[in-house]
Structures are given as structure tokens and as C-alpha cells.
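Asks: Add 10 to the 1-based position in the sequence shown for my numbering, that's all there is to it.
The C-beta atom is built at its ideal place from N, Cα and C for all residues, glycine as well.
All of these numbers come straight from a predicted model, not from anything done at the bench.
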Amino acid sequence: MGRKLVPSKVQQQFHAAAERKIITLNGVNLAVDLNLIPDAPLIMLIPGWLGSSQSSYARSCATVLARNGFSTARINLRDHGNTAHLNQGLFNSAMIEEVVALVAHLDELYGTKGSGLMGYSLGGNFALRVARALPGLPTLAIAPAMEPASTMYQIDASTMYQRYFIKKWRSVWREKDKAFPGVYNFKNALTLNTVSALTDYFVRYHSDFDSTDEYFQAYDLSADALQGVNAHILAAADDPIIPAEQYGRLPEGIVLHLTHRGGHGAYLDSWRLSSWADTYAVQHFKAALSNQTQV
11 MGRKLVPSKV
21 QQQFHAAAER
31 KIITLNGVNL
41 AVDLNLIPDA
51 PLIMLIPGWL
61 GSSQSSYARS
71 CATVLARNGF
81 STARINLRDH
91 GNTAHLNQGL
101 FNSAMIEEVV
111 ALVAHLDELY
121 GTKGSGLMGY
131 SLGGNFALRV
141 ARALPGLPTL
151 AIAPAMEPAS
161 TMYQIDASTM
171 YQRYFIKKWR
181 SVWREKDKAF
191 PGVYNFKNAL
201 TLNTVSALTD
211 YFVRYHSDFD
221 STDEYFQAYD
231 LSADALQGVN
241 AHILAAADDP
251 IIPAEQYGRL
261 PEGIVLHLTH
271 RGGHGAYLDS
281 WRLSSWADTY
291 AVQHFKAALS
301 NQTQV
């Protein structure tokens, strides 16, 4: 869930200057918001499930990164950020290949001075899988969803989060139906009232997976899924969605910074709803890219 942040004049100017690009790779169209600084390293951001490049936390972090000398590319996953019309096929969380291709493409085009990748929640899960596919890319995952089944149950256990995600997911399906009339029939889905029930429906009728368990296994990052991956995780012990014990069995290449407080990736540090995680990202990528250039 995003921070209900009132942007400052600087932030408004920054985001007004963003360039929206629709990038087509292997028949898939994905939207990216770019704020490029000449001769600056590039940081790519992947927002969480049903978030977007316009989510307050993504906008806030991109602004702080730019203020500290980084170019930024805010990525919209398929169907996210009012982009349901760009592809007939529905998004699912196992679609890592198209995100790997996009990140590699952005790195090649704009990362001549170095690149980094960060993601939030499900976006953090995607970022860690991209890091597995593209070794050497400095990667920061904030409150990443490690075990999809557990995360789904945690969402359903919170009335606030459950209502938020159900409303957002239904909205995406309505957008898809409007963009591609007659292709889908979501009528029955609109009567379901839990994320669990919606996920079961989606997997059964709108995916190639045989079961919800099989679907979850496609992007589960527990056990040895991240073996050999080098990345950094920032997470909080009081996260209501991702229990801290999900981070208890990480391979040695994953550096975990677990704070006592921070919520689900929020890390609010003032009444202005600014986030300590933004400053943390700046410090992380300055160090990571500096170390990279010294090798």
C-alpha cells in the first residue's frame, strides 16, 4: 500500500519531467518512467503487486535518488499502472523472463556508468529473481515476498490489506475486459471476497498452472531458490505481511538488514511521510557501485 504523500514542488517538477516509454521486447509491451541525468548511474525500481511507477513510495525514492546523482527507471510490471491495454495476456507473478529482458535492455541503453536494481514486496521478489538471472547487478530488495502462500494468508488475515488488494485486482480485470472485450469473462471473479479465493480462480481459469501450489512454487524464494545469488535485503521485524522468519534461511550471498521497525517497506521517518528507506537506497547503491568500479 502506498504512502498518501503530498508531493513537494521539487517532486512535482521531477515527475513532470519523467519520460514515459513503452518498450517492446519479444512481443511484450511494458511501460517505464525515465528520469535521466547525463553521465549518471541508473537505478531501476520495481514497485510491489498492483503498485506502479506512480506509487508514492516509488516516486519518493526516485526523487531522492535523483537528488543524489542517479538516473532512475520506474518499471511497471505487466497490467500494472493502468497498462492493461498494452498486452492481451494477463499478468502473473511467474512472468520473470519479460522483466529480465527489460532490465537487461535498460541496463544496456542507460547503464553505461553503472546500474542497480531495487524492488518492493512482490517487486522485491522480482528483483531477486532478476539478480539470479543477471549476476553482477547490484540489487536491493525491500520487504520482498519470499513465500507466496504465506504472504497471501497474511494479506487475507488483515481486513485493510485484503480489501485494498481485492479492490485493486478487480480494477485491473475490469481494465483488461474493457481493453479486450469478449476475450475474458471475469463475472464470477467479481463475487469472490478473499485474495485466496481470487488466486485459486485466477490459476484455474486464467493460467497454465495445474494448481495454486504449482503457481506459488514458480516464484517461491525459500529453501535454496537464491543459492548463488548476491543481493541485499532490507526488511522489518514488525512487517504485517512478510513475517521475519521468512528471512531465516537465506544463503550466504544474501545480505539481510533486519530492523525492529519499518512496517511493510514504509520506514516512515517524519510527519511528512518521508522514508528512511529512500536514504538507505542511496547509501546502498553509492557503496555497491563504488565497489564495482574498484574491482
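#1: Tell me where the beta strand (DSSP E) around His90 begins and ends.
#2: If you reduce the DSSP assignment to three classes, tell me which class Lys188 lands in.
#3: Which ranges does the beta strand (DSSP E) cover as unbroken runs of at least 3 residues, wholly within the stretch 45-98, from first to last along the chain?
#4: So which of His270, Gln256, Thr122 and Met128 has the shortest CA-CA distance to Tyr67?
#5: Which word fits Tyr277, buried or exposed, when buried means at least 16 other C-beta atoms lie within 10 angstroms of its C-beta?
#6: State the DSSP-derived secondary structure class of Val278, mapped to helix, strand or coil.
#7: Output the distance between the C-alpha atoms of Leu75 and Gly91, rounded to the nearest integer angstrom.
#8: On the DSSP bridge list, what partners appear for Met128?
#9: Output the distance between the C-alpha atoms of Gly126 and Pro253, rounded to the nearest integer angstrom.
#10: Alpha carbon to alpha carbon, how far is Ile53 from Val305? Give it in angstroms, no decimals.
#11: Is the beta carbon of Val182 sitting closer than 8 Å to the one on Ala94?
#12: Excluding the 5 residues flanking Leu260 on each side, which residues of the same chain have their C-beta closer than 8 Å to its C-beta?
#13: Any idea what DSSP makes of Phe24, helix, strand or coil?
#14: I need the boundaries of the beta strand (DSSP E) containing Arg30, first residue and last residue.
#15: Assess, as a yes-or-no matter, whether the stretch 81-90 is touched by the stretch 197-215 under the definition of 3 or more beta carbon pairs within less than 8 Å.
#16: Taking the alpha-carbon positions, what's the Ser62 to Ala41 distance?
#17: Going by beta-carbon coordinates alone, are Arg299 and Pro148 separated by less than 8 Å?
#18: Are the beta-carbon atoms belonging to Ala1 and Leu268 less than 8 Å from one another?
#19: If I measure Cβ to Cβ from Asn45 and keep anything under 6 Å in the same chain, skipping five residues before and after, which residues do I get?
#20: Out of Gly124, Tyr215, Asp234 and Leu202, which one is the CA nearest neighbour of Gln172?
#21: Which same chain residues, not among the five before or five after Ile47, have their C-beta less than 8 Å away from its C-beta?
#22: Report all residues from its chain with a CB closer than 6 Å to the CB of Trp59; omit the five preceding and five following residues, and keep chain order.
#23: Suppose contacts are defined by Cβ-Cβ distances below 8 Å. Is Pro158 in contact with Ser103 by that definition?
#24: By DSSP, does Ala137 sit in helix, in strand, or in coil?
#25: Round the Cβ separation of Ala153 and Leu138 to the nearest angstrom and send it over; I've been treating them as touching at under 8 Å.
#26: With DSSP collapsed to three states, give me the class of Ala245.
#27: Please work out which residues of its chain come closer than 6 Å, Cβ to Cβ, to Glu185, disregarding the five sequence neighbours upstream and downstream, and give them in chain order.
Replies: The short version:
#1: Translated into the one-based positions of the sequence shown, residue 90 becomes position 80. Premise fails: His90 is in no beta strand (DSSP E) and is neither H nor E.
#2: Position 178 of the sequence shown, counting from 1, holds the residue named residue 188. Reduced to three states, the DSSP call for Lys188 is helix.
#3: 52-56 and 81-85
#4: In the sequence shown, counting from the first residue as 1, residue 67 sits at position 57. Closest by alpha carbon: Met128.
#5: Here the question's residue 277 lines up with position 267 in the sequence shown. Label assigned to Tyr277: buried.
#6: Here the question's residue 278 lines up with position 268 in the sequence shown. Note that residue 278 corresponds to Leu in the displayed sequence, not to Val. Reduced to three states, the DSSP call for Leu278 is strand.
#7: As a first step, residue 75 is located in the sequence shown; it is residue number 65 there, counting from the start. As a first step, residue 91 is located in the sequence shown; it is residue number 81 there, counting from the start. C-alpha separation (whole angstroms): 21 Å.
#8: Residue numbering aside, residue 128 sits at position 118 when the sequence shown is read from its first letter. Beta-bridge pairing links Met128 to Leu55 and Leu150.
#9: The residue you call residue 126 lines up with position 116 of the sequence shown. The residue you call residue 253 lines up with position 243 of the sequence shown. Using only the alpha carbons, I get a separation of about 26 Å.
#10: Counting from 1 along the sequence shown, the entry for residue 305 is found at position 295. Counting from 1 along the sequence shown, the entry for residue 53 is found at position 43. Residue placement at Val305 is flagged as unreliable, the pLDDT there being 49, under the threshold of 50; a coordinate-derived value is accordingly withheld.
#11: Here residue 182 is taken as the residue at index 172 of the sequence shown, counted from 1. Here residue 94 is taken as the residue at index 84 of the sequence shown, counted from 1. Cβ distance < 8 Å, so Val182 and Ala94 count as in contact.
#12: The residue given as residue 260 occupies position 250 in the sequence shown. So the qualifying residues of the chain are Leu236, Ile243 and Leu266.
#13: Indexing the sequence shown from 1 puts residue 24 at position 14. Phe24 falls in the helix class under three-state DSSP.
#14: Counted from its first residue, the sequence shown places residue 30 at position 20. From DSSP, the beta strand (DSSP E) with Arg30 extends over Glu29 to Leu35.
#15: no
#16: Your numbering for residue 62 matches position 52 in the sequence shown. Your numbering for residue 41 matches position 31 in the sequence shown. Going from the Cα of Ser62 to the Cα of Ala41 covers about 10 Å.
#17: Here residue 299 corresponds to residue number 289 of the sequence shown, with the count starting at 1. Here residue 148 corresponds to residue number 138 of the sequence shown, with the count starting at 1. The residue you asked about is not Arg; residue 299 is Leu in the sequence shown. In contact: Leu299 and Pro148 (Cβ atoms closer than 8 Å).
#18: Here the chain has residues from 11 to 305 only, and residue 1 is not among them.
#19: Position 35 of the sequence shown holds residue 45. Only Ala28, Ala76 and Thr82 meet the Cβ criterion.
#20: Taking the sequence shown and counting its residues from 1, one reaches residue 172 at position 162. Taking only the C-alpha atoms, the option nearest Gln172 is Leu202.
#21: Stepping through the sequence shown from its first residue, residue 47 is reached at position 37. Hits under 8 Å: Ala76, Gly79, Phe80 and Ser81.
#22: For the purposes of this step, residue 59 is taken as the residue at position 49 of the sequence shown. Answer for Trp59: Leu132, listed in chain order.
#23: On the sequence shown, residue 158 is found 148 positions in, with the first residue counted as 1. On the sequence shown, residue 103 is found 93 positions in, with the first residue counted as 1. Cβ distance < 8 Å, so Pro158 and Ser103 count as in contact.
#24: Walking along the sequence shown from the start, residue 137 turns up at place 127. Helix.
#25: One-based indexing of the sequence shown puts residue 153 at position 143. One-based indexing of the sequence shown puts residue 138 at position 128. No, Ala153 and Leu138 are not in contact; Cβ-Cβ is about 12 Å, not under 8 Å.
#26: Position 235 of the sequence shown, counted from the start, is the residue given in the question as residue 245. Note: Ala245 maps to strand in three-state DSSP.
#27: Locating residue 185 in the sequence shown gives position 175, counting from the first residue. Closer than 6 Å at the Cβ level, and outside the excluded window around Glu185, lie Ala94.
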